[in-house]
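Engineer: In this note's numbering, the protein residues as written are 31 to 211. Have a look at this one before I ask anything.
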């Protein structure tokens with residue numbers, strides 16, 4: 031993947047991280063993988079250099095594909111005119127996500143989700159280039175975010191207060207990357 035690409039991980043560990051929200055509030059939901067406990071999820075879009083570009087929070091009972099447009103629209107830096115790549119995994123492999131990514135002038139690298147009964151194909155589709163997996167970039171940023179006490183457990187009932195904590199933690203990560211590498 032070129033250096034100016036953006037990585038969008040997905041699944042349970044990549045582009046989103048589930049955090050407990052014991053007090054509930056708006057933008058929380060019952061986590062289907064955690065016995066229905068109230069959780070919030072942090073969706074994050076990072077660039078090749080591990081810097082967070084966009085952050086979005088939602089309830090734990092929401093599907094990944096519904097937040098691709100919010101993530102792309104909330105990027106605060108201006109995009110360069112060179113070709114941009116967007117990497118995602120199987121949680122984003124839906125026709126409407128592909129259409130949106132192409133409409134926003136990104137080159138999509140979304141791992142194919144094999145359906146039941148579909149044969150296993152090892153060869154790449156024609157015209158597709160194999161790029162190394164970039165999920166670790168997103169995983170590491172999410173682990174750095176969740177190290178902060180204010181982000182690890184959502185005690186804020188208002189989603190805008192919790193989003194402010196997450197954005198402050200992301201700004202701290204950008205500061206550390208800029209000054210300490």
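Built from N, CA and C at the ideal position, the CB exists for glycine as well.
With DSSP collapsed to three states, give me the class of residue 107.
Structural biologist: coil
Engineer: Shortest alpha-carbon distance to residue 145 belongs to which of 202, 129, 126 and 120?
Structural biologist: Per the Cα distances, 120.
Engineer: Should the region 197-207 be regarded as contacting the region 165-181, the criterion being three or more beta carbon pairs within less than 8 angstroms?
Structural biologist: For the pair of segments examined, the region 197-207 was found to touch the region 165-181: the number of CB pairs separated by less than 8 angstroms reaches three.
Engineer: Ignoring anything shorter than 4 residues or poking outside the region 62-143, list the alpha helix (DSSP H) runs there in chain order.
Structural biologist: 98-103 and 125-133
Engineer: Give me, in chain order, the residues of the same chain whose beta-carbon lies closer than 7 angstroms to that of residue 124; leave out the 5 immediate sequence neighbours on both sides.
Structural biologist: 95
Engineer: Tell me whether residue 49 sits in a helix, a strand or coil according to DSSP, three-state version.
Structural biologist: strand
Engineer: Could you tell me the alpha carbon to alpha carbon distance between residue 173 and residue 50, rounded to whole angstroms?
Structural biologist: Their backbone Cα atoms lie some 15 angstroms apart in a straight line.
Engineer: Below 8 angstroms CB to CB, which residues in the same chain sit around residue 61 once its five sequence neighbours on both sides are set aside?
Structural biologist: So the qualifying residues of the chain are 48, 67, 68, 69, 90 and 91.
Engineer: Given this structure, state the Cα-to-Cα distance separating residue 52 from residue 187, to the nearest angstrom.
Structural biologist: Each residue's alpha carbon lies about 9 angstroms from the other.
Engineer: What number of angstroms, rounded off, separates the C-alpha of residue 156 from the C-alpha of residue 113?
Structural biologist: 20 angstroms
Engineer: Just to confirm my understanding: we take residue 128, look at its own chain, exclude 5 residues before and 5 after, and list those with CB closer than 8 angstroms. What are they?
Structural biologist: 138 and 140
Engineer: Here's a check: name, in chain order, each residue in its chain whose Cβ is nearer than 6 angstroms to the Cβ of residue 41, leaving out the five neighbours to either side.
Structural biologist: Residue placement at residue 41 is flagged as unreliable, the pLDDT there being 24, under the threshold of 50; a coordinate-derived value is accordingly withheld.
Engineer: How would you call residue 88, buried or exposed, if buried means at least 16 neighbouring beta carbons within 10 angstroms?
Structural biologist: buried
Engineer: Please determine, among 170, 74 and 79, the residue with the shortest C-alpha to C-alpha distance to residue 99.
Structural biologist: 74
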